[in-house]
Each structure stands twice: as C-alpha cells, then as structure tokens.
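A short write-up of the structure that comes next.
In full-length UniProt numbering, the protein residues as written are 1 to 140.
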C-alpha cells in the first residue's frame, strides 16, 4: 500500500488563496495554483484534500469564469483525464458538475435562452465522455 501524505492544512490555505485570486479577477492564476496543489495531493495519495481541490477548481470556474463556461469545461476535462487520477476525484468532479446541468430525476435543467441551452448541452456531453466506461460512476 502506498504511503499517504496529509496535506489538509496546505490545501485549505491554497484554496482560500485561490478564491481570493479569483475574486480579484485572476482566475487563470487561481486555477494554476490549484492545479499544482492537485498534483501534490494526487501524488501524495491524500484523497480528501484532492477531492477538495478538484471541487474548489470547478466552483471557481463556475462562479468567476465569464467566458461561457469554457474554463469550467476545460478544467473538468483536464482534471478527469490526469494520469493516475484517483476515482474519488473523478467521482467528486462529476457529482459537483451534475447539478449544474441536470435536475433529479434525469431532467435537463431549465434554461432561459439558446446560449444557455448550448452551454448546458456541452456540459452534459463532457460529463458523458468522463463517465463512459467507468463502473464506479455507473450510478451518476
């Protein structure tokens, strides 16, 4: 069994620092900071911190990304296709993004205009690509 490194304190500090950066309009820098922390958590086998970093990355993109969800979709694809990515992280990514496009049970989220519909449909197709062939995501 691989050794687990506890990075909870450092993770909390980096997430709050990234949130501050994103609020000041520096989303790219915030995502770069969280990407470095994600790699550290992934390689250190710290799943709880890894999940927290992945969720924070997506939430920052949704809340502060003003380029029609492209940063959200790019972050979602990047984090889910990382080499040796943990199943807990991929599950957290899907569970975080799913409520933004689908209501329970399996009903598309209502949208106001055609642009929002395109964004919602793109997000659904990306989530389908991520979950395809992954047994541990079967329920989602």
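In this text, a Cβ means the ideal position worked out from N, Cα and C, and glycines have one as well.
Inset, instruction - Please classify residue 26: does DSSP put it in a helix, a strand, or coil? - result: Walking along the chain shown from the start, residue 26 turns up at place 26. Residue state, collapsed to three classes: coil.
Inset, instruction - Decide if residue 42 is buried, meaning its Cβ has at least 16 other Cβ atoms within 10 Å, or exposed. - result: Here residue 42 refers to the residue found at position 42 when the chain shown is read from its first residue. By the 10 Å Cβ count, residue 42 comes out buried.
Legend entry - Among 110, 85 and 92, nearest to residue 45 - alpha-carbon criterion: Working through the chain shown from its first residue, we reach residue 45 at position 45. Closest option to residue 45, Cα to Cα, is 85.
Inset, instruction - Count the other C-beta atoms from every protein chain shown that fall within 10 angstroms of the C-beta of residue 130, then say buried if there are 16 or more, exposed otherwise. - result: As a first step, residue 130 is located in the chain shown; it is residue number 130 there, counting from the start. Per the 10 Å Cβ criterion, buried.
Legend entry - Within 7 Å, strictly: CB atoms of residue 53 and residue 37: The count along the chain shown starts at 1 and reaches residue 53 at position 53. The count along the chain shown starts at 1 and reaches residue 37 at position 37. The answer is yes: Cβ separation under 7 Å.
Inset, instruction - Quick one: give me the first and last residue of the alpha helix (DSSP H) that residue 98 is part of. - result: Here residue 98 refers to the residue found at position 98 when the chain shown is read from its first residue. No alpha helix (DSSP H) contains residue 98, which DSSP labels as neither H nor E.
Legend entry - Inter-residue spacing [alpha-carbon to alpha-carbon] between residue 77 and residue 7: For the purposes of this step, residue 77 is taken as the residue at position 77 of the chain shown. For the purposes of this step, residue 7 is taken as the residue at position 7 of the chain shown. Cα to Cα, residue 77 sits roughly 24 Å from residue 7.
Legend entry - Distance CB(residue 18)-CB(residue 30) smaller than 7 Å: Here residue 18 refers to the residue found at position 18 of the chain shown. Here residue 30 refers to the residue found at position 30 of the chain shown. Yes, the pair counts as a contact, with Cβ atoms nearer than the cut-off.
Legend entry - residue 123 vs residue 96 beta-carbon contact at 7 Å: Counted from its first residue, the chain shown places residue 123 at position 123. Counted from its first residue, the chain shown places residue 96 at position 96. No.
Inset, instruction - Pull up the DSSP beta-bridge partners for residue 108, would you. - result: The residue given as residue 108 occupies position 108 in the chain shown. DSSP, once it has assigned bridges, lists 102 as partnering residue 108.
Inset, instruction - Just mark residue 73 as buried or exposed, buried being the case when its beta carbon has 16 or more other beta carbons within 10 Å. - result: Residue mapping note: residue 73 aligns to position 73 of the chain shown, counting from 1. Buried is the call here.
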